[in-house]
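In numbering that gives the first Met the number 0, the protein residues as written are 0 to 1039.
Below: the structure, in structure tokens.
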Amino acid sequence: MSQQGYVATPPYSQAQAGMGGCSTGFGNPPPHSHYGVYGSPPQAYSALPTGMLKSPASSPSGMPFPPVSSHYGANIHQNGAHAHGFPPTHVASAPSMSPYGQPPQSAYNSMAQAPPPTQQLTNQMSSMNIAGYGQRHMQASQHPSSSAPLPFLTSPPPAMGHPPLSPPGQQPPSLGSPPPLASVGSMQAPPMRMSGPSGPGTPLGGGGLQQPLGSQGYPQQPGSPIAGPYGGQMAGPQMMGQPTGAFPGGFHGGPAQMAGPPQKKLDPDCIPGTTQVIEDDQAKRGGQVYVTNIRGQVPPLVTTDFTVQDQGNASPRFMRCTTYSFPCTADLAKQCKVPLAAIIKPFATVPKNETPLYVVNHGEAGPIRCNRCKAYMCPYMQFIDGGRRYQCGFCSCVNEVPVQYFQHLDHMGRRMDLYERPELSLGSYEFIATLDYCKNNKPPNPPAYVFMIDVSYNNIKSGLVKLICEELKILHDRLPKEEGAESSAIKVGFVTYNKILHFYNVKSALAQPQMMMVSDVAEMFLPLLDGFLVNFQESRAVINNLLDQIPDMFADTNESETVFAPVIQAGVEALKAAECSGKLFLFHSSMPTAEAPGKLKNRDDRKLVGTEKEKTLFQPQSGVYEQLAKDCVAQGCCVDLFLFPNQYVDIATMGDVPSHTGGSIYKYSNFQVDVDGQHFLNDLRRDVEKFIGFDAIMRVRTGTGFRATDFFGAVYMNNTTDVEMAAVDCDEAVTVEFKHDDTLSEEAGAVMQCALLYTTISGQRRLRIHNLSLNCCSQLSELYKSCETDSLINFFAKSACQAMLNQPLKTVREILVNQTAHMLACYRKNCASPSAVSQLILPDAMKVFPVYMNSLLKAPALVGSAELSTDDRAFQRLMVMAMGVEETQILLYPRLIPLHTMDVDSDSIPAPVRSSEERLSETGVFLLENGLFMFLWLGQACPPDLIQNLFNVPSLGHLTTEGQMSLPVLDNAHSRKLHSIISSISQQRAKSMKLLIVKQKDRAEILFRQHLVEDKGLHGGASYMDFLCYVHREIRQLLT
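Encoded structure:
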């Protein structure tokens, strides 16, 4: 945690830097604010040299210049700023990382304005509190001279390493120190009223950074308002040790200097914490049945354990929205800047205690659809005219009911068979598709899995090829199969390759497998048709024979060059010849440098980081791969890539085909069989087994008034409406953004339908339908009340990862920060109770949004540090694009679980603590996980008996973490409990996580620390506290 104090800004009677058009020391402000347009030209901000901040200008009267905008948010255009938009907001790019051990400068510190002179530090020393989130309640003591009750505050703890002066709540108020403070209760508490300059009875907003009115105990400055606002300026390290009054750019005309009280540090417990929000939601809604029969109800958080009962709207496992109350007009949407989006996971796993999707078969007639908009029959269709006609819930067109589908209506106007038909009573269901929905009007063949193994020198020597071959022998028993089927209908095929390709004939009639080589990789063709794709059960003996021979066949190879694009091309040709869709599993280790289409050259230039050209590092470098992705999608060929690189392999290019075909990318750097083997095998097993649909096409239809405009995910878009995926699995999520094209009505609400046409693993063509109805509101308070932070951050993460390809990272980061400030400023202006501008007021549903946003800004893909590997950044970018809400939530706020205090007899996982270094203790053991990595952190002084129980060594000193990657399974309560925690966490995650054991102050600890997201980023980026202050200052600028 940084040791910076929180300093109030000067009174309003003096001009303030950075407010109302005054200079902030950044040179001329840019002409436009940078909201939300991934496309507007970036503005350059030239910071002045340190110590040379301009003194702020003020108008003759001593008041600040009038603000730029006449009305906050008036006539703001969705894309770009309007002439009467907000005053420009400034964001600086993240600095390069300082040496490990020193906290790097905050990415936002460069924006700190001229430090105020000392009398302001004394006069306006203020504490910060976001009401309603304090964890401890203290006694409020009334200030003797005040007649009205003061706002309650939370007392900050002493700085680390200093003993507290006296117990909290017992310090007598004295001159030069703020009065005792207490924490406010919940947001729902009636607002406390107070008299003062804001007028008698002005309520204080629910959650705010508050400070007492008046300078309790300080001499009042003549003529100035009583309240000294909570400061946007932070006392930085440069303030320490400077003589009184020696700050450059000080404000004029203040009273004589006074010695100020010691600076206090803010208590992290009194600002909103993600762990608390998650815990509260679990306590309130955990273990309950969530019934989906109410329009626009906000579901429990993704982290909460609940059961869904479908009664007319899709389960939140399939669809989640950024807000469940859409604004009625486009103007309202532009004003609040909250993105309207849905995150759709069409094949999300349904828990065993919930009903699986019903399959509806309408025979040769096929599914009933609206004649005009083609929406499928669903609960939003209104039957009229005695049941002979129905009005579409999406476009209001009146359609005739087909004769075979007719049913009488009851006295309520509902069909008599309402509850017998899933499509009339449920939010999610499937239709069996007719031949009209199949390619060439022919039923599809069952899909195929082709395993393609790179047998170049590295993979043979590392033992990887042998490991894969051994695993494939048993893996085929795990191929996905239809419910109730004895064996899988999926066919399998095998290819090995280096510079040339080897195809294998494994027909069951053969005694030995036959190999056929293709050395002309420029014109790829399939050398055999019969015997390449086979049923595993029938050809088991021949396949096992082949898998035994492959490691020996290439044991003496010296070939280190490989091809890549022709391998995928060969897979597409094989599926084309067999007239089926399928998946290619590629096990590859190096950059394809052999002469062939798709040959790549090393372009890893870290000098581009932080420049306009940085985006080129993330763009695929060869047009071959773009065409290849198109061919794959057309054939329904999905590519899953398992990479084992020892150096740069250009993941941005090699991952292009998987990321456009609904495939997954797995990466194991510097792979060693004994260390990483199990991790890889866990991923491979899950990847082969998971529920999947092939040759998929998805369309999202909406009611009148709004439409789907943008799609983010591992998908291919041939036109503006159809989302094409060669395959879609249970982890794949597509984020869809909506825009208004007319006014929505509060009575009708907003309805949407996601229809996914796909081929099942047994080769049946089906339609999977998910319906969702939302509220519409003309009051912004309703919109903010029904926002969902986890969905919002998923949207921002994906849109930023998409924008990285076309815009400088600096611009992308600025847009994210500005939009955060805009959303919160709009809430403050339109929804919060009137209160001092010094308070930071956050919507209850978005109170932890700044934590996630700050974490996103520090994510490897966005942080822009030359110390991070380009491949790692490109890898994370591609992964985020396919993530659902659960995955982005845990990635951006990892769970930090204390294990030294765990109850070994309990079945539950210990409650996580905030993801900050302050929560670690030398005597503790902590488990940290974020869905991709898992760390076991051991404090220097952790008890020897705990170490003995977990590792079977007498003390921490006996434990070597170099190479010690596995946790022994021991027969004692602590060991069993730890393994059970790790196992239950692993089951919740989409990918397997390798456990890394790190000791405090070890070299490897730096990897662990970069996941403590509330602290300063190791590669640049602010701490949560600093970011909150920065956002607060941006909000205040927007409001003036």
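Backbone N, C-alpha and C fix where the C-beta goes; we use that ideal spot for every residue, glycine too.
All of these numbers come straight from a predicted model, not from anything done at the bench.
Item                                                                                                                                                                                              : Value
State the DSSP-derived secondary structure class of isoleucine 889, mapped to helix, strand or coil.                                                                                              : helix
Could you check whether the Cβ of isoleucine 343 sits closer than 7 angstroms to any heavy atom belonging to the ligand MG?                                                                       : By its list of ligands, the structure shown contains no ligand whatsoever, and the ligand MG lies outside what it can speak to.
Tell me which residues share the same chain as arginine 368 and place their Cβ nearer than 6 angstroms to its Cβ, disregarding the 5 neighbours each side in the sequence.                        : Tyr375
Would you list the residues sitting across from glycine 492 in a DSSP beta bridge?                                                                                                                : Val449
Could you work out which residue in Ile342, Arg420 and Asp309 is closest to asparagine 360 when comparing CA atoms only?                                                                          : Arg420
Three or more C-beta pairs closer than 8 angstroms, one from the segment 660-674 and one from the segment 318-337: is that the case here?                                                         : no
Between which two residues does the alpha helix (DSSP H) harbouring leucine 1037 extend?                                                                                                          : 1023-1038
Let me confirm a value: glycine 923 is counted as buried when at least 16 other C-beta atoms fall within 10 Å, else exposed. Which label applies?                                                 : buried
Does the beta-carbon of threonine 719 have 16 or more other beta-carbons within 10 angstroms, so that it is buried, or is it exposed?                                                             : exposed
In angstroms, rounded to a whole number, what distance separates the CA positions of alanine 341 and proline 565?                                                                                 : 37 angstroms
Can you give the beta carbon distance from glycine 1020 to valine 862, rounded, assuming they're within the 8 angstroms contact cut?                                                              : 6 angstroms
From what residue to what residue does the alpha helix (DSSP H) around threonine 719 run?                                                                                                         : Threonine 719 -> no alpha helix (DSSP H), and no H or E assigned at all.
Short check: CB of arginine 872 to CB of alanine 860, under 8 angstroms?                                                                                                                          : yes
Would you mind stating whether glycine 272 and glycine 748 have Cβ atoms separated by less than 8 angstroms?                                                                                      : no
Taking the alpha helix (DSSP H) that phenylalanine 705 belongs to, which residues open and close that run?                                                                                        : Premise fails: phenylalanine 705 lies in the beta strand (DSSP E), 705-711, not in any alpha helix (DSSP H).
When you compare only the Cα positions, how much space is there between tyrosine 757 and tyrosine 357?                                                                                            : 16 angstroms
Assuming contact is defined by CB atoms lying nearer than 8 angstroms, are proline 942 and isoleucine 760 in contact in what I supplied?                                                          : no
Buried or exposed: where does tyrosine 418 fall if 16 or more other Cβ atoms within 10 Å of its Cβ makes it buried?                                                                               : exposed
Going by alpha carbons, who is nearest to isoleucine 889 out of Glu916, Pro897, Phe925 and Asn929?                                                                                                : Asn929
Have a look at cysteine 800 and lysine 990 and give me their C-alpha separation to the nearest angstrom.                                                                                          : 20 angstroms
For asparagine 544, which option in Cys468, Leu331 and Lys490 has the closest C-alpha, if you only look at C-alpha atoms?                                                                         : Cys468
Buried or exposed, going by whether 16 or more other CB atoms sit within 10 Å of the CB of leucine 434?                                                                                           : exposed
Pick helix, strand or coil for glycine 570, following the three-state DSSP scheme.                                                                                                                : helix
Does the count of Cβ pairs from the segment 303-318 and the segment 720-732 closer than 8 angstroms reach three?                                                                                  : no
To which residues of the same chain is leucine 1027 closer than 6 angstroms at the C-beta, ignoring the five residues directly before and after it?                                               : Pro849
DSSP state of proline 942, grouped into three classes?                                                                                                                                            : coil
Under 8 angstroms: do the segment 643-655 and the segment 610-627 share three or more Cβ pairs, one atom per stretch?                                                                             : yes
For a quick check, are the C-beta atoms of phenylalanine 710 and valine 750 less than 8 angstroms apart?                                                                                          : no
Report yes if the CB atom of aspartate 570 is closer than 8 angstroms to the CB atom of cysteine 636, and no otherwise.                                                                           : Residue identity differs from the one stated: residue 570 is glycine in this sequence, not aspartate. Taking 8 angstroms as the Cβ cut-off, glycine 570 and cysteine 636 qualify as a contacting pair.
Could you tell me whether the segment 297-308 touches the segment 403-417, using the rule of 3 or more Cβ pairs below 8 angstroms?                                                                : no
Can you grab the Cα-Cα spacing for the pair glycine 483 / valine 1030, in whole Å?                                                                                                                : 55 angstroms
Measure the beta-carbon distance from alanine 577 to asparagine 444 and round it to whole angstroms, keeping in mind my assumption that it falls under 8 angstroms.                               : 7 angstroms
Could you check whether the segment 374-390 touches the segment 909-924, counting it as contact only if at least three pairs of C-beta atoms, one from each stretch, sit closer than 8 angstroms? : no
Just to confirm the assignment: which complete beta strand (DSSP E) runs, minimum length 3, are found wholly within the segment 335-367?                                                          : 340-343
Return the CA-CA distance between alanine 707 and leucine 994, expressed in angstroms with no decimal places.                                                                                     : 41 angstroms
In chain order, what residues of the same chain lie with their CB nearer than 6 angstroms to the CB of methionine 724, ignoring the 5 residues before and after it?                               : Gly661, Ala695 and Val714
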